[in-house]
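Trainee: Okay, handing you the structure first.
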Amino acid sequence: MTAPSKKRGYWMVSFVAALLVFLIVISAVSRSASNQSAAMLEKALDQIVTDTYAIEGRYPDSVKTLVEKKRFSYDPDRYMIVYDTFSDNIRPRIEVIERSGS
Numbered sequence: 029m030t031a032p033s034k035k036r037g038y039w040m041v042s043f044v045a046a047l048l049v050f051l052i053v054i055s056a057v058s059r060s061a062s063n064q065s066a067a068m069l070e071k072a073l074d075q076i077v078t079d080t081y082a083i084e085g086r087y088p089d090s091v092k093t094l095v096e097k098k099r100f101s102y103d104p105d106r107y108m109i110v111y112d113t114f115s116d117n118i119r120p121r122i123e124v125i126e127r128s129g130s
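Here it is as structure tokens:
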């Protein structure tokens with residue numbers, strides 16, 4: 029190998045390595061933002077449920093009720109909401125799960 033082709037080879041390896049590091053960082057940032065988005069949705073849902081109990085004296089019976097009566101909206105293709113109720117005076121268990129492939 030001649031000197032110019034060695035330099036070109038090192039440059040190419042360096043470029044590929046830098047690109048790989050860049051893609052890994054972008055992936056990590058994207059994953060972090062996605063997790064924060066689900067946490068924010070869960071917090072908003074929790075606040076609406078708390079407000080409803082404070083105003084009406086009972087917890088909403090389903091997410092459907094929140095969407096229809098409280099103007100709560102979310103992307104059901106991106107998130108699955110586990111809303112487990114026992115009674116209208118016992119706080120429901122709320123969990124937001126991001127669907128895979130979103």
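If you want the working numbering, it's the position in the sequence shown, counting the first as 1, plus 28. Here a beta-carbon is modelled for each residue, glycine too, at the ideal position from N, C-alpha and C. All figures in this text were calculated on a predicted structure; none of them were measured in a lab.
Rounded to a whole number of angstroms, what is the C-alpha to C-alpha distance between Ala72 and Glu84?
Mentor: Here residue 72 refers to the residue found at position 44 when the sequence shown is read from its first residue. Here residue 84 refers to the residue found at position 56 when the sequence shown is read from its first residue. In a straight line, the C-alpha of Ala72 is about 18 Å away from that of Glu84.
Trainee: For Val124, which residues in the same chain have their Cβ closer than 6 Å to its Cβ, ignoring the five residues on either side in sequence?
Mentor: On the sequence shown, position 96 is the one that residue 124 refers to. Around Val124: Ala66, Leu69, Glu70, Tyr107, Ile109.
Trainee: Would you mind reading off the limits of the beta strand (DSSP E) that contains Asp112?
Mentor: For the purposes of this step, residue 112 is identified with residue 84 of the sequence shown, where counting begins at 1. Element bounds for Asp112: 107-112.
Trainee: Relative to the alpha-carbon of Ser101, which residue among Phe114, Arg121, Ala82, Ile76 has its alpha-carbon at the smallest distance?
Mentor: For this step, residue 101 is matched to residue 73 along the sequence shown. Shortest Cα-Cα distance from Ser101 to any of Phe114, Arg121, Ala82, Ile76 involves Ile76.
Trainee: What is the rounded straight-line gap between the Cα of Ser128 and the Cα of Thr93?
Mentor: The residue you call residue 128 lines up with position 100 of the sequence shown. The residue you call residue 93 lines up with position 65 of the sequence shown. In a straight line, the C-alpha of Ser128 is about 26 Å away from that of Thr93.
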